[in-house]
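Beneath this line is the structure, given in structure tokens, with notes to follow.
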Amino acid sequence: MAVSGGKDSVVLMHLLAKLRKKFPFELVAITIDEGIKGYRDKSVEVAKKNAELLGIEHHIYRFKDYIGFTLDETVEIMGPRGERVGACSYCGVWRRWLLNKAAEELKVDKLALGLNLDDEVQVFLMNLMRGDIARLGRTGPYYEVIHEGLIPRIKPLREVPEKEIVLYAVLNNIEVDLSECPYAVEAFRAEIRDWLNEMEEKHPGTKYQLLRSYDKLFPLLAKTYAKEVKLNRCKICGQPTSGEICKACMFRLQVQQKAKERGFNFKLTAAKD
Numbered sequence: 002m003a004v005s006g007g008k009d010s011v012v013l014m015h016l017l018a019k020l021r022k023k024f025p026f027e028l029v030a031i032t033i034d035e036g037i038k039g040y041r042d043k044s045v046e047v048a049k050k051n052a053e054l055l056g057i058e059h060h061i062y063r064f065k066d067y068i069g070f071t072l073d074e075t076v077e078i079m080g081p082r083g084e085r086v087g088a089c090s091y092c093g094v095w096r097r098w099l100l101n102k103a104a105e106e107l108k109v110d111k112l113a114l115g116l117n118l119d120d121e122v123q124v125f126l127m128n129l130m131r132g133d134i135a136r137l138g139r140t141g142p143y144y145e146v147i148h149e150g151l152i153p154r155i156k157p158l159r160e161v162p163e164k165e166i167v168l169y170a171v172l173n174n175i176e177v178d179l180s181e182c183p184y185a186v187e188a189f190r191a192e193i194r195d196w197l198n199e200m201e202e203k204h205p206g207t208k209y210q211l212l213r214s215y216d217k218l219f220p221l222l223a224k225t226y227a228k229e230v231k232l233n234r235c236k237i238c239g240q241p242t243s244g245e246i247c248k249a250c251m252f253r254l255q256v257q258q259k260a261k262e263r264g265f266n267f268k269l270t271a272a273k274d
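Written as structure tokens, this is what we have:
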């Protein structure tokens with residue numbers, strides 16, 4: 002499972018550890034260290050402490066080791082908005098890439114994510130309002146196995162409100178990191194979140210009803226928009242991609258080129274294969 006050290010992933014780790022006592026299964030924690038100074042160090046330590054407390058095998062995968070540079074270095078090279086791409090876009094692509102690579106290396110069957118009800122409904126509305134219906138057909142309540150190199154993902158907390166997760170952590174004295182990423186400044190998502198909270202307060206059950214609507218629409222959306230795509234192996238990193246080079250490697254090459262052009266002198270680590 003992916004464990005950032007934040008409330009959602011840490012609570013999920015505790016719940017899965019409890020479940021493991023009744024239904025034996027192996028549980029491995031994966032933490033991605035993007036290299037965000039003053040933020041990620043603390044959350045990585047929280048993830049490590051909780052994994053040790055629960056007796057769960059824990060692995061840390063760092064951008065610096067596998068991408069070649071940290072997210073902070075990427076922002077310094079490309080600027081806050083990058084080459085028409087923000088820090089969150091680089092981070093999102095690289096995190097998904099590295100999570101899948103880690104899961105594949107560790108030979109796991111499923112990758113559990115700590116996405117909660119609020120996360121799911123926010124993303125649903127954001128894609129809907131952007132007119133990105135095709136994306137709604139590629140994500141949803143479950144992920145199909147579409148390539149042997151893509152580890153199926155599960156979302157055990159997708160029906161649990163964010164407030165209840167925080168409450169569970171407090172009542173059970175679970176140490177979590179509640180700090181926010183300094184790069185997470187997406188105004189549109191914040192507006193969606195505030196509107197949803199307002200509607201939930203006025204009309205209790207709004208978030209659940211939206212999630213139910215999405216779940217009912219998902220099979221139709223998947224059938225219409227999630228066309229069968231032949232996936233190859235990226236000729237650089239070997240991860241699944243629909244083209245010759247995956248998005249993660251394209252971004253990495255882009256940043257490497259920009260660093261060379263701008264004459265940055267900090268050491269760029271050679272990415273691991």
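Heads up, the sequence shown is in the working numbering, so the first residue is 2 and it goes up one at a time.
Idealized CB from N, CA, C, for every residue including glycine.
Just so you know, these numbers come straight off a predicted model, no measurement behind them.
- For Asn51, the three-state secondary structure derived from DSSP is helix.
- Straight across, the Cα-Cα distance linking Leu16 with Val29 is about 13 Å.
- CA-CA distance, Glu199 to Tyr209, rounds to 14 Å.
- Judged by DSSP in its simplified three-state form, Gly264 adopts coil rather than helix or strand.
- Note that the C-beta distance between Arg190 and Gln255 is not below 8 Å.
- DSSP, read as helix, strand or coil, puts Arg253 in helix.
- Residues of the same chain with a CB within less than 6 Å of the CB of Cys238, apart from the 5 flanking positions on each side, are Cys250 in chain order.
- In the DSSP assignment, no residue is bridged to Arg96.
- In terms of Cα proximity to Ser214, the closest of Arg21, Gly69 and Phe125 is Phe125.
- Within the same chain, and ignoring the five residues on either side of Ala223 in sequence, the residues whose Cβ sits closer than 6 Å to its Cβ are Gly138.
- By the neighbour-count criterion, in which 16 or more other beta carbons inside 10 Å mark a residue as buried, Ala135 falls on the exposed side.
- Glu176 is the residue among Lys50, Glu106 and Glu176 whose C-alpha sits nearest the C-alpha of Lys8.
- Taking every protein chain shown into account, the CB of Ser5 has 16 or more other CB atoms within 10 angstroms, so this residue is buried.
- Three or more Cβ pairs drawn from the segment 106-124 and the segment 150-162 lie within less than 8 Å of each other, which places the two stretches in contact.
- The beta carbon of Met79 is closer than 7 Å to those of Val256 and Lys259 in its chain, skipping five residues each way along the sequence.
- Straight across, the Cα-Cα distance linking Thr140 with Lys43 is about 30 Å.
- CA-to-CA, the gap between Phe26 and Val12 works out to about 18 Å.
- Close CB contacts of Ile193 within its chain, under the 8 Å cut and outside five residues either way in sequence, are with Gln123, Leu126, Met127 and Met130 (chain order).
- Annotation: the continuous alpha helix (DSSP H) that includes Tyr209 extends over Thr207 to Tyr226.
- Bridge partners of Arg154 according to DSSP: Leu112.
- Under a 10 Å Cβ-count criterion, Phe70 is classified as buried, with 16 or more other Cβ atoms of the shown protein chains found around its own Cβ.
- Here Val161 carries a coil assignment [DSSP, helix/strand/coil].
- DSSP, reduced to helix, strand and coil, places Asn233 within a strand of the structure shown.
- Between the beta-carbon of Glu163 and that of Asp119 there is about 4 Å, and that keeps the pair under the 8 Å contact cut.
- If you draw a straight line from the Cα of Leu151 to the Cα of Val109, it comes to about 11 Å.
- Assigned with DSSP and collapsed to three states, Arg41 falls in helix.
- Nearest C-alpha to Ser180 among Gly56, Arg41 and Arg234: Arg41.
- Taking the CA atoms as reference points, Leu211 sits about 47 Å from Phe265.
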